[in-house]
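These protein sequences, in sequence, are chains A and B.
Following the numbering used here, the numbering of the first sequence begins with -9 at its first residue and continues without gaps.
Following the numbering used here, the numbering of the second sequence begins with 137 at its first residue and continues without gaps.
Here's the structure, in structure tokens; my notes come after.
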Amino acid sequence: MTDITHLPPDTGPSFDLAGKDIAAAGQWRLFWLKFKKHKIALVSLVVIIFMYLVAAFADFIAPFDPNATNARFTYAPPQGLSLMHEGAFRPHVDQLRMTLNTESMRREFTPDPARPVPVGFFVKAPQPYHLLGFIPMETKLFGMIDPKPGDSMYIFGADRLGRDIFSRVVHGAKISLSIGLVGVFMSLILGVTIGGVSGFFGGWVDLAIQRVIELLRSIPTIPLWMGLAAAIPVGWPPLRTYFVITLIVSLIGWTSLAREVRGKFLSLRSEDFVIAARLDGMSEIGIIFNHLVPSFMSHIIATLTLAIPSMILAETALSFLGIGLQPPIISWGVLLQEAQNIRAVAQAPWLLFTPAAAIVISVLALNFLGDGLRDAADPYEDVS
Amino acid sequence: MLRFIIKRLVFAIPTLFAVSIIAFIIIQLPPGDYLTTLMADWASQGGAVEAGTVAAMRERYGLDQPIYFQYYKWIAGILTRGDFGISFELGRPVTELIWNRLGFSLLLSVLTLCFVWAIAIPIGILSAVRQYSISDYTATFLAFFFLAIPDFLMALSAMYIMSAWFGQSVGGLFSPAYVDAPWSFGKLTDFARHVWLPVIVIGLGSLAALVRIMRANLLDELSRPYVTTARAKGMSEFELLIRYPVRLALNPLISTLGWILPAVISGEIIVSVVMSLPTTGPLLLRALLAQDMYLAGSLILLISVLTIIGTLVSDILLAITDPRIRFQ
């Protein structure tokens, strides 16, 4: 992280490898050895893998259809999951009893401990579905065991149409987390190409590109994104809107990557191995992809990881404002649209705090992971 | 010094030009031109559209001319007459609508910057001097936590906490009684009572980043030999800290203004929408949703220009504090 001690160049990295030959370890092995020491980053890696798995298997994990409405359970509060019932191990939630508060004219729900709704793993799905879009399935990870009318299981509450917030957040992960990946992929292409051109050719090309990057970075991002996103016609199919939004958020993301790549190109351009390859008659493109790109690949990965959270946040902000993704697409930002006015939040705080927790956890984990990767990417600096 | 300032000013001109082109592109992006939108509006209200009126308006905005000519007409209007065009939704000149809100945006951003700097520097120093202490770990953890929370979530949470726990309604910059009142001492105190929450909400993200930077800069300086020398001379620890390493660590911090400012302005816009503050944010969102493109484009242009001017000021400040940059 920041407390890096600069070693004199001749001492080299100091690893306590207990006899293993560090000099013979490859670049990726060094990378891993160093990354392993960063405990928070390691935990974050596990969290991130877990979240992407949840996104991939959302249909299996979410107990309900995210769009299934239930007018009976408008703004139903979260039902706590308890494991024991009358001294025996019987996971259940308490049935909700609804009363109408005649003073505020609002429905109020009270859990009824006398009527447990049994909950179990690998229960039959309400409707058959296709896992990952092609595997026909009829089982959900968990859910109510043969539900009767009046039974419900809202572990994170329900929204104004009685839709299950937990299922919606799990499904929202698909869009929100993938937008980061797709956006980063676009930034990667733009950043490596433009940054590479800038660093490799130098001169006026470099100057022009650096000016453009400075310009893009000096404009406040939110108004620019808002202006571009608002131009997307409302009638467009969801998939196209999704890609254009991704394109818009990666419009800024590539600049930091391009700078990184340019810096590396500039410092590596005159290294011996590049000159040797050139004297050997290798083409410029060949040098770039066979020698230069592999030598700073780890840096690129670290920068990319740090770029994902900002893209997730950008999508969330735009969708929240109502000019990004629109319902019926489910993303974390779209879910937060429901929490736009403070009265709704005051009545049902879970509308705000459940998607918010998902956003904060994934962004925090990605930031820590990127930090760890960045430290590990530099072979000549030792993390104490 | 003067030469440096002039050079910077000259360098800013192409940037301003490019920003105006971006704003113009955003104005042009929605399909059709404003007149098609306007005519559709009139037609839906049952009004007859006279051919003469339409032709006159086409002429005024140069809509039948090539695109570069339209740009020229637009920018020339702004530069020579201060004419930003007409808000089609509200039927009033854009200039009437924006200055007041732009003023509040500017005020809010400046207040936020002051808050961020005033808090970040001492916390950063404490964090670096007491490295790996409880306060350092707390500051580090909080910094990462606040960096991960988007501005608008922070605004919503703050509003929820204020209303649910303290029973106060938040939103706006003034109580209803003072909204249209002329400036007075009462209005000023009322403003202060409202403004602190948005300032904190907008500032926290940048504050967290600045604390990290200040801590890193100072840690770099603290291990330098000149610090040991000063200590060996018998200088008191506090005086030593303030006179040498902190001064040096502040320089890179000034240069961060270049990206803190866009971040604060971005944050200000989205937080203003959530907390319904009378700044450019809600106006911009409404203009964009209604495809009122002259208003939206002008706002984006002015916000960007303000940011560029701010960056310019920070460059000059940096040159004043750091002679190495001045004489490059």
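The beta carbon of each residue, even a glycine, is placed where N, CA and C say it ideally should be.
(Q) Against chain A, does B:I158 count as a neighbour if the rule is that its beta carbon must be under 9 Å from one of theirs? (A) Along the second sequence, read from residue 1 onward, the residue named residue 158 of chain B stands at position 22. Under the Cβ criterion of 9 Å, B:I158 is counted among the residues facing chain A.
Q. If we count the other Cβ atoms within 10 Å of its Cβ and call it buried at 16 or more, is A:P299 buried or exposed?
A. By 1-based counting over the first sequence, the position of residue 299 of chain A is 309. Around the beta carbon of A:P299, 16 or more other beta carbons lie within 10 angstroms, which makes this residue buried.
Q | alpha helix (DSSP H) segment containing A:I125, residue limits | A | Working through the first sequence from its first residue, we reach residue 125 of chain A at position 135. Here A:I125 belongs to no alpha helix (DSSP H); instead the beta strand (DSSP E) covers 125 to 134.
Q.
Can you confirm whether B:I336, when its beta carbon is compared against all beta carbons of chain A, has any partner nearer than 9 Å?
A. Counted from its first residue, the second sequence places residue 336 of chain B at position 200. Judged by the 9 Å Cβ criterion, B:I336 is not in contact with chain A.
Q: Could you list which residues in chain B have their beta carbon closer than 9 Å to that of A:R207, in chain order?
A: Counting from one through the first sequence, the residue named residue 207 of chain A turns up at place 217. Listed along chain B are G394, W395, P398, each with a C-beta nearer than 9 Å to that of A:R207.
Q: Take every Cβ of the region 331 to 341 of chain B, pair it with every Cβ of the region 400 to 418 of chain B, and state whether three or more of those distances are shorter than 8 Å.
A: Taking 8 Å as the limit for Cβ pairs, the verdict is that the region 400 to 418 of chain B does touch the region 331 to 341 of chain B.
Q: Answer yes or no: do A:L315 and A:P210 have a C-beta to C-beta separation smaller than 9 Å?
A: Here residue 315 of chain A refers to the residue found at position 325 when the first sequence is read from its first residue. Here residue 210 of chain A refers to the residue found at position 220 when the first sequence is read from its first residue. Not in contact: A:L315 and A:P210 (Cβ atoms no closer than 9 Å).
Q) Nearest chain B C-beta to A:L122 closer than 9 Å, yes or no? A) One-based indexing of the first sequence puts residue 122 of chain A at position 132. Taking Cβ atoms only, chain B never reaches closer than 9 Å to A:L122, which makes this a no.
Q) Quick one: what does DSSP say A:R411 is sitting in, helix, strand or coil? A) Lying before the first or after the last residue shown, residue 411 of chain A is absent from chain A, which here runs from -9 to 374.
**Q.** DSSP state of A:G362 mapped onto helix, strand, coil
**A.** For the purposes of this step, residue 362 of chain A is taken as the residue at position 372 of the first sequence. A:G362 sits in a helix when the DSSP states are folded into three classes.
Q. If you compare alpha carbons, which of B:L384, B:A254, B:G260 is closest to B:Y362?
A. Working through the second sequence from its first residue, we reach residue 362 of chain B at position 226. Checked all of B:L384, B:A254, B:G260; the closest Cα to B:Y362 is B:L384.
Q: Return the Cβ separation of B:A399 and B:S342 in integer angstroms, given the expectation that the two are a contact with Cβ distance under 8 Å.
A: Residue numbering aside, residue 399 of chain B sits at position 263 when the second sequence is read from its first letter. Residue numbering aside, residue 342 of chain B sits at position 206 when the second sequence is read from its first letter. Contact check for B:A399 and B:S342: beta-carbon distance about 5 Å, within the 8 Å limit, so the pair qualifies.
Q: Give the secondary structure of B:F302 by DSSP, where H, G and I count as helix, E and B as strand, and everything else as coil.
A: Taking the second sequence and counting its residues from 1, the one referred to as residue 302 of chain B is at position 166. DSSP places B:F302 outside both helix and strand once states are collapsed to three, so it counts as coil.
Q. Can you give the Cα-Cα distance for A:N357 and B:S450, rounded to whole angstroms?
A. What you label residue 357 of chain A is simply residue 367 of the first sequence in a count that begins at 1. What you label residue 450 of chain B is simply residue 314 of the second sequence in a count that begins at 1. When rounded, the distance between both Cα atoms is 28 Å.
Q: Specify the secondary structure class of A:I381 as computed by DSSP and reduced to three states.
A: Any answer about residue 381 of chain A is impossible in this case: the structure gives chain A only from -9 up to 374.
Q) Just the Cα atoms here: how many angstroms apart are A:I135 and A:P81? A) One-based indexing of the first sequence puts residue 135 of chain A at position 145. One-based indexing of the first sequence puts residue 81 of chain A at position 91. Taking the straight line joining both Cα atoms gives about 10 Å.
Q) Considering only residues of the region 197 to 267 of chain A, which uninterrupted beta strand (DSSP E) runs meet the minimum length of 3 residues and lie entirely inside it, listed in chain order? A) None, since the region 197 to 267 of chain A contains no complete beta strand (DSSP E) of that length.
Q) Which runs of the alpha helix (DSSP H) fall wholly inside the region 382 to 464 of chain B and span at least 4 residues, in chain order? A) For the region 382 to 464 of chain B, whole alpha helix (DSSP H) runs of length 4 or above, ordered along the chain, are 393 to 411, 416 to 425, 429 to 457, 459 to 462.
Q | Nearest-angstrom Cα separation, counted from A:V44 out to A:Y119 | A | Taking the first residue of the first sequence as 1, we reach residue 119 of chain A at position 129. Taking the first residue of the first sequence as 1, we reach residue 44 of chain A at position 54. Approximately 16 Å, taken between the alpha carbons.
Q: Look up B:R144 in the DSSP assignment and say whether it is helix, strand or coil.
A: Reading the second sequence from its first residue, position 8 is the one you call residue 144 of chain B. It is helical.
(Q) Can you look up A:H28 in the DSSP assignment and give me helix, strand or coil? (A) Within the first sequence, the letter at position 38 stands for residue 28 of chain A. Of the three classes helix, strand and coil, the one that applies to A:H28 here is coil, per DSSP.
(Q) For a contact defined as C-beta to C-beta under 8 Å, what are the partners of A:F146 on chain B? (A) Along the first sequence, read from residue 1 onward, the residue named residue 146 of chain A stands at position 156. Per Cβ cutoff of 8 Å: no residues; A:F146 is ~16 Å from chain B at best.
Q) Roughly how many angstroms separate the alpha carbons of A:V174 and A:G185, rounded to a whole number? A) For this step, residue 174 of chain A is matched to residue 184 along the first sequence. For this step, residue 185 of chain A is matched to residue 195 along the first sequence. Those two C-alpha atoms are separated by around 15 Å.
Q. Looking at C-alpha atoms only, which residue of A:F233, A:A292, A:S285, A:A52 is the closest neighbour of A:L247?
A. Looking up residue 247 of chain A in the first sequence gives position 257. Taking only the C-alpha atoms, the option nearest A:L247 is A:A292.
Q: Please classify A:N91: does DSSP put it in a helix, a strand, or coil?
A: As a working mapping, residue 91 of chain A is identified with position 101 in the first sequence. It is a strand residue.
**Q.** Test: B:M295 CB closer than 9 Å to a CB of chain A
**A.** Sequence index remark: in the second sequence, residue 295 of chain B carries index 159 (1-based). Any Cβ of chain A closer than 9 Å to the Cβ of B:M295 would place that residue at the interface, and such an atom is present.
Q. Which of helix, strand or coil does DSSP assign to B:V252?
A. Here residue 252 of chain B corresponds to residue number 116 of the second sequence, with the count starting at 1. Reduced to three states, the DSSP call for B:V252 is helix.
Q | One or two residues paired with A:Q85 in a DSSP bridge | A | Within the first sequence, the letter at position 95 stands for residue 85 of chain A. Its beta-bridge partners are A:D102.
Q: Keeping to the same chain, check which residues put their C-beta closer than 6 Å to that of A:P(-2); ignore five residues upstream and five downstream.
A: Position 8 of the first sequence, counted from the start, is the residue given in the question as residue -2 of chain A. Confidence at A:P(-2) is low in this model, with a pLDDT of 42, below 50, so its placement is unreliable and no value can be given for it.
Q. Quick one, which of B:I401, B:Y268, B:L420 has its alpha-carbon nearest B:V246's?
A. Sequence index remark: in the second sequence, residue 246 of chain B carries index 110 (1-based). Here the closest residue by C-alpha is B:I401.
Q: Take A:G312 as the anchor and find which of A:L326, A:M301, A:L303 has the nearest alpha-carbon.
A: As a working mapping, residue 312 of chain A is identified with position 322 in the first sequence. Checking every option, the nearest Cα to that of A:G312 belongs to A:L326.
Q | Whole-Å CB distance - A:G243 paired with A:M301, under 8 Å assumed | A | Here the question's residue 243 of chain A lines up with position 253 in the first sequence. Here the question's residue 301 of chain A lines up with position 311 in the first sequence. Their Cβ separation, rounded to whole angstroms, is 6 Å, which keeps A:G243 and A:M301 in contact under 8 Å.
**Q.** Residues that B:S223 bridges to, as DSSP identifies them
**A.** For the purposes of this step, residue 223 of chain B is identified with residue 87 of the second sequence, where counting begins at 1. B:S223 is bridged by DSSP to B:R228.
Q: For A:T306, return the contacting residues in chain C, with the cut-off set at a CB-CB distance below 9 Å.
A: Given the protein chain composition of this structure (A and B), no chain C is represented.
Q. Skipping 5 residues on each side, what residues in its chain have a beta carbon closer than 6 Å to that of A:D196?
A. Reading the first sequence from its first residue, position 206 is the one you call residue 196 of chain A. Once the five neighbours on either side are set aside, the close Cβ partners of A:D196 are S188.
Q. Are the C-beta of A:F47 and some C-beta of chain B separated by less than 9 Å?
A. Reading the first sequence from its first residue, position 57 is the one you call residue 47 of chain A. A:F47 does not count as touching chain B.
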